[in-house]
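**Q** First residue of the sequence shown: 1, per the numbering used here; consecutive thereafter.
Every residue gets a Cβ at the ideal spot worked out from N, C-alpha and C, and that includes glycine.
Since the model is a prediction, treat every value here as computed from it, not as a measurement.
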Amino acid sequence: MAHPIKHFVTITKHRHRVIAHCFRAGIGWQGLFHDLSKYSPAEFISGAKYYLGNRSPNEKERELFGYSLAWMHHKGRNKHHFEYWVDLNMQTHRYEPVPMPLRYITEMFCDRVAASKIYQGDKYTDSSALNYYLHGNARAKMHPNTADTLEEWLNMLAQKGEKETFEHIKAVNKAARKKRTSKK
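1. Which of the three DSSP states, helix, strand or coil, is assigned to residue 94?
2. Is it the case that the region 135–142 contacts the region 50–67, given that we only count it when at least three CB pairs across the two stretches are under 8 Å?
3. For the candidate residues 16, 22 and 38, whose alpha-carbon lies nearest to that of residue 165?
4. Spatial neighbours of residue 112 within its chain, please: C-beta separation below 6 Å, excluding the five flanking residues on both sides.
5. Could you check where the beta strand (DSSP E) with residue 88 kicks off and where it finishes?
6. When the Cα atoms are used, what is the spatial distance from residue 50 to residue 15?
7. Could you give the uninterrupted runs of the alpha helix (DSSP H) lying entirely in the region 26–70, keeping only those of 4 residues or more?
8. Alpha carbon to alpha carbon, how far is residue 124 from residue 160? Give it in angstroms, no decimals.
9. For residue 124, name the three-state secondary structure that DSSP assigns.
10. Per DSSP, what kind of secondary structure is residue 141 in: helix, strand or coil?
11. Here's the rule I'm using: 16 or more other beta-carbon atoms within 10 Å means buried, otherwise exposed. How should residue 118 be labelled?
12. Let me know the beta strand (DSSP E) ranges lying completely inside the region 151–184, each 3 residues or longer, listed in chain order.
13. Measure the C-alpha to C-alpha separation of residue 188 and residue 146 and round it to an integer number of angstroms.
14. If you follow the alpha helix (DSSP H) that residue 79 is in, where does it begin and where does it stop?
15. Measure the CB-CB distance between residue 187 and residue 133 and report whether it falls below 9 Å.
16. When you compare only the Cα positions, how much space is there between residue 60 and residue 137?
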């Protein structure tokens, strides 16, 4: 049975949480545009149809068909997903991960923390996003520089908490912006 209202509420709560995290991390403007594609028919209809409440509806679609059209649509339009950052290596003639720009790693971090909070509810801890990451195989699919940065931040969150982690990430982003503007 489809759950369009529950799905709408879940993705909107998640999106608002990511926006708040992005502001704390120093990329507020970028956060305002987070996951807008989830409201498109290509993603929203299957999200409502396969709504689960405690995990992504893309997982249910994948279980049923072996793939998720909604996810393929989503990852191809949202640069905060490491899967977006794959390109043809001209030396090996293979598709390989390329380094993500810092602002998209930041948004990915905010996204992962927010998703853990939404899906885990009261069971969320500052270690939740790290544990989810470590039990998956994302590292093997990311460029090593991207994975190192994300892991550093997830570990910092687990060990030092949100306040210190977001302050650190904000300072890193501020320094990167300053470096970019001084080159112009």
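**A** In terms of the structure at hand:
1. Correct three-state label for residue 94: strand.
2. Not touching, per the Cβ criterion.
3. With distances taken between Cα atoms, residue 165 lies closest to 22.
4. Cβ neighbours of residue 112 beyond the five flanking positions: 129.
5. Counting along the chain, residue 88 sits inside the beta strand (DSSP E) bounded by residues 86–89.
6. Using only the alpha carbons, I get a separation of about 19 Å.
7. Within the region 26–70, the complete alpha helix (DSSP H) runs of at least 4 residues are 28–31, 41–49 and 57–65.
8. Per the coordinates, the alpha-carbon of residue 160 lies some 15 Å from the alpha-carbon of residue 124.
9. Here residue 124 sits in coil by DSSP.
10. Residue 141 falls in the helix class under three-state DSSP.
11. The residue in question, residue 118, is buried, as its Cβ has 16 or more Cβ neighbours within 10 Å.
12. Complete beta strand (DSSP E) runs here, min 3: none at all.
13. Since the first and last residues shown for the chain are 1 and 184, residue 188 lies out of range.
14. No alpha helix (DSSP H) contains residue 79, which DSSP labels as neither H nor E.
15. With the chain represented from 1 up to 184, any question about residue 187 goes unanswered, as that position is not in the structure.
16. One Cα belongs to residue 60, the other to residue 137, and the distance between them is close to 19 Å.
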